[in-house]
Amino acid sequence: MSAIPAPSRSEPSLRDRLRADTQAAHEALDASFADMFADASGAQYRRFIAMNLQAHQAIEPVLSQSPLGRLGADGDHADRLEAARRDAEVLGIEPRAAAPFSLPRPDIFEAFGIAYVLEGSRLGAKYMSRAIKRDERLSGARWPTHYLEASSDARPFTWLLDRMAAEPAGEADMRRAVAAADATFRYFRMLCGDDDKRTTRA
Ligand code: HEM
1 MSAIPAPSRS
11 EPSLRDRLRA
21 DTQAAHEALD
31 ASFADMFADA
41 SGAQYRRFIA
51 MNLQAHQAIE
61 PVLSQSPLGR
71 LGADGDHADR
81 LEAARRDAEV
91 LGIEPRAAAP
101 FSLPRPDIFE
111 AFGIAYVLEG
121 SRLGAKYMSR
131 AIKRDERLSG
141 ARWPTHYLEA
151 SSDARPFTWL
161 LDRMAAEPAG
171 EADMRRAVAA
181 ADATFRYFRM
191 LCGDDDKRTT
201 RA
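Going by the UniProt record's numbering, the sequence shown opens with residue 1, and the numbers climb by one from there.
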């Protein structure tokens with residue numbers, strides 16, 4: 001008689017944990033841009049581009065010096081920081097230095113959590129860029145979409161998931177990754193709020 005295989009109860013992956021445990025943080029950030037496409041004046045879109053520009057300025061150097069390094073540094077994907085700078089220039093956003101990021105020397109699991117947020121934001125970008133192009137009020141108002149287009153390439157997010165899957169993670173590691181991802185979402189929210197008191201001119 002053949003043995004009946006035990007039902008497989010696969011443990012949640014690090015990505016599963018990150019997605020579930022930061023869902024509320026993601027929704028809070030989305031909610032603060034809920035009126036973006038209805039606001040043809042572009043004020044909300046400028047706030048969105050300014051937030052992303054400052055976040056990439058502050059976080060990219062932290063990640064590239066972390067044990068994770070630059071994701072797919074040799075790849076042919078577009079430079080998101082440079083793309084955000086181009087949009088900011090078109091939109092008349094003055095250059096600012098962002099407040100320092102709170103995790104300047106992340107270990108590998110913290111780096112996974114930070115990169116999950118930064119690279120995961122690519123997943124909504126294609127949808128947003130299409131929404132602008134479809135809407136004549138917005139495309140007619142010449143909302144520049146360099147940042148959203150550069151972000152629509154999901155490969156670096158896939159590379160990140162591959163790196164995560166290759167690193168065995170215990171419960172404490174997962175908690176550090178989730179805490180770092182939470183801190184990263186909080187950082188984005190701080191940047192998109194009334195950040196005048198927290199940033200200095202470059
Ligand atoms: C403000 C407008 C935003 C919208 C409308 C939006 C929308 C979306 C959508 C539709 C997805 C799922 C895509 C899919 O499953 O194929 C997604 C995923 C994701 N977004 Fe956003 N997003 C926004 C902003 C952001 C920002 C600014 C960040 C980071 C700071 C972010 C982080 C993430 C992450 C980490 C995921 C991946 C979740 C997973 O593990 O599947 N999003 N977003």
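Built from N, CA and C at the ideal position, the CB exists for glycine as well.
Beta-carbon gap between residue i and residue j smaller than 7 angstroms
i: ARG80; j: ALA150; result: yes
i: TYR147; j: ALA84; result: yes
i: ALA177; j: PHE101; result: no
i: PHE185; j: VAL117; result: yes
i: ALA180; j: LEU103; result: yes
i: LEU63; j: ALA115; result: yes
i: PHE188; j: ALA55; result: yes
i: ARG137; j: ALA40; result: yes
i: ILE108; j: PRO67; result: yes
i: ASP182; j: ALA34; result: no
Three-state secondary structure assigned by DSSP to residue i
i: ALA166; result: coil
i: ARG155; result: helix
i: ARG137; result: helix
i: ARG122; result: helix
i: PHE37; result: coil
i: residue 203; result: Residue 203 lies beyond the residue range present for the chain, which begins at 1 and ends at 202; the question has no answer from this structure.
i: ASP107; result: coil
i: ASP194; result: At ASP194, the pLDDT of 41 sits below 50, so the modelled position is not reliable and the matter cannot be decided from this model.
i: GLN65; result: coil
i: SER10; result: coil
i: GLY113; result: helix
i: ALA43; result: helix
i: LEU81; result: helix
Cβ neighbour criterion (16 or more within 10 Å) applied to residue i
i: LEU123; result: exposed
i: LYS197; result: Caution applies to LYS197, whose pLDDT of 39 falls short of 50 and renders its modelled position unreliable; the value that the coordinates give is listed next. The residue is exposed, with fewer than 16 neighbouring Cβ atoms inside 10 Å.
i: ALA125; result: buried
i: TYR127; result: exposed
i: GLU94; result: exposed
i: GLU89; result: exposed
Neighbourhood of residue i by C-beta distance below 6 angstroms, restricted to the same chain and skipping five residues each side
i: ASP87; result: ILE49, PRO144, HIS146 and TYR147
i: THR200; result: Confidence at THR200 is low in this model, with a pLDDT of 35, below 50, so its placement is unreliable and the value that follows should be read with caution. Same-chain partners within the cutoff: ALA97.
i: GLN57; result: ALA98
i: SER2; result: With a pLDDT of 42 at SER2, under the threshold of 50, the predicted position of this residue should be treated as unreliable, though the coordinate-derived value follows. Closer than 6 angstroms at the Cβ level, and outside the excluded window around SER2, lies no residue.
i: GLY140; result: none
Spatial neighbours of residue i in its chain, beta-carbon cut-off 7 angstroms, leaving aside the 5 residues before and after
i: ARG105; result: none
i: ALA165; result: SER13
i: HIS77; result: ASP153, ARG155 and PRO156
Contacting residues, own chain, Cβ-Cβ under 8 angstroms from residue i (five flanking each side not counted)
i: ARG17; result: MET174, ALA177 and VAL178
i: LEU29; result: PHE185, PHE188, ARG189 and CYS192
i: GLU119; result: LEU71, PRO156, PHE157 and LEU160
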